[in-house]
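Asker:
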Amino acid sequence: NAGVMQNPRHLVRRRGQEARLRCSPMKGHSHVYWYRQLPEEGLKFMVYLQKENIIDESGMPKERFSAEFPKEGPSILRIQQVVRGDSAAYFCASSREGGHYEQYFGPGTRLTVT
Amino acid sequence: GENVEQHPSTLSVQEGDSAVIKCTYSDSASNYFPWYKQELGKGPQLIIDIRSNVGEKKDQRIAVTLNKTAKHFSLHITETQPEDSAVYFCAASSRDDKIIFGKGTRLHILP
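Encoded structure:
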């Protein structure tokens, strides 16, 4: 079952370190979305990417956060100089080209900043 | 931008009874309404969706209804079972592909 893969599943970082979260979309999917989920809250849209293009990053914090989806390899969400408030679950979803609506989620990466 | 409100935040129903979760949205351009189920420690799973050209859709024990005039949509689960216990999220999406989620409903199925 080639679903959306995310790694690592759990990541612990000290304040000031960098966090790199990886997402491999489902086979045949070329669109990737990143969401953040705080405890007891819904999912907040962060960024939408296609291969080598950022389509919509309106939900990304202006500083310290960046995302990419290179021609080869997984999509990467990068958080520089992490702070305690970055602790959350980060989910990636993917969809098929032309089928933007149906997004399928990965298991998430739980980031803890100590 | 779109805003999705979801009620209730917590819902307890006796096993075998029905559960209803309601959502409202603000952007009349929204035309796609998915529902996700999230179990503890897992990612959200798409369980059913509805597009704006239909008013109701059913899949076994799950049904969704959509009232575009009132900007309301609802999830109905009949004959609830213990494995239905989870957090359910409604969402709305318009042509820009961004999905906006409600805050979720924690559903408890009581034995």
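Line by line, the protein sequences give chains A and B. Under this note's numbering, the letters of the first sequence match residues 1 to 114, in that order. Under this note's numbering, the letters of the second sequence match residues 1001 to 1111, in that order. From the three backbone atoms N, C-alpha and C, an ideal C-beta is built for every residue, glycine too.
1. Within its chain, find whatever has a CB closer than 6 Å to the CB of A/M60; leave out the 5 residues flanking it on each side and keep chain order.
2. How would you list, in chain order, the residues of chain B whose beta-carbon sits under 9 Å from the beta-carbon of A/E97?
3. For the beta strand (DSSP E) containing B/N1067, name the first residue and the last one.
4. Note down the Cα distance separating A/Y35 from A/C92, rounded to an integer number of angstroms.
5. Which residue marks the beginning of the beta strand (DSSP E) containing B/V1013, and which one marks its end?
6. Is it true that the stretch 1001-1011 of chain B meets the stretch 1103-1111 of chain B, where meeting means three or more beta-carbon pairs spaced less than 8 Å apart?
7. Where does B/K1098 land, buried or exposed, given buried means 16+ other C-beta within 10 angstroms?
8. Specify the secondary structure class of A/D56 as computed by DSSP and reduced to three states.
9. Whose CA, out of A/G106, A/L11, A/A67, lies closest to the CA of A/S75?
10. Within 7 Å (strictly less), CB to CB, does A/F91 reach chain B?
11. In the DSSP assignment, what are the bridge partners of B/F1089?
12. If you check the beta carbons only, do B/I1050 and B/V1064 fall under 7 Å apart?
13. State the beta-bridge partners of A/F65 as determined by DSSP.
14. Anything in the stretch 29-57 of chain A with a Cβ closer than 7 Å to a Cβ of chain B? List those residues in chain order, please.
15. Helix, strand or coil for B/R1106 per DSSP?
16. Throw me the rounded Cβ distance for the A/S94 and A/V4 pair, which I believe falls under 8 Å.
17. By the criterion of Cβ-Cβ separation under 7 Å, what are the contact partners of B/I1062 in chain A?
18. Mapping DSSP to helix, strand and coil, what is A/R9?
19. Measure from the C-beta of B/Y1025 to each C-beta in chain A and report whether the shortest distance is under 7 Å.
20. With DSSP collapsed to three states, give me the class of B/R1051.
21. Please classify B/P1044: is it buried, with 16 or more other beta-carbons within 10 angstroms of its beta-carbon, or exposed?
22. Pull up the DSSP beta-bridge partners for B/E1005, would you.
23. Can you name the start and end residues of the beta strand (DSSP E) that B/A1070 belongs to?
Answerer: Here's the rundown:
1. M46, V47
2. Residues of chain B passing the Cβ test: none, with the nearest at roughly 12 Å.
3. 1062-1067
4. 6 Å
5. 1010-1014
6. yes
7. buried
8. strand
9. A/A67
10. yes
11. B/Y1036
12. yes
13. A/I79
14. E41, G42, L43, F45, Y48, D56
15. strand
16. 5 Å
17. Within 7 Å Cβ-Cβ: nothing; B/I1062 doesn't reach chain A, min ~16 Å.
18. coil
19. no
20. strand
21. buried
22. B/T1024
23. From DSSP, B/A1070 is part of no beta strand (DSSP E); its letter is neither H nor E.
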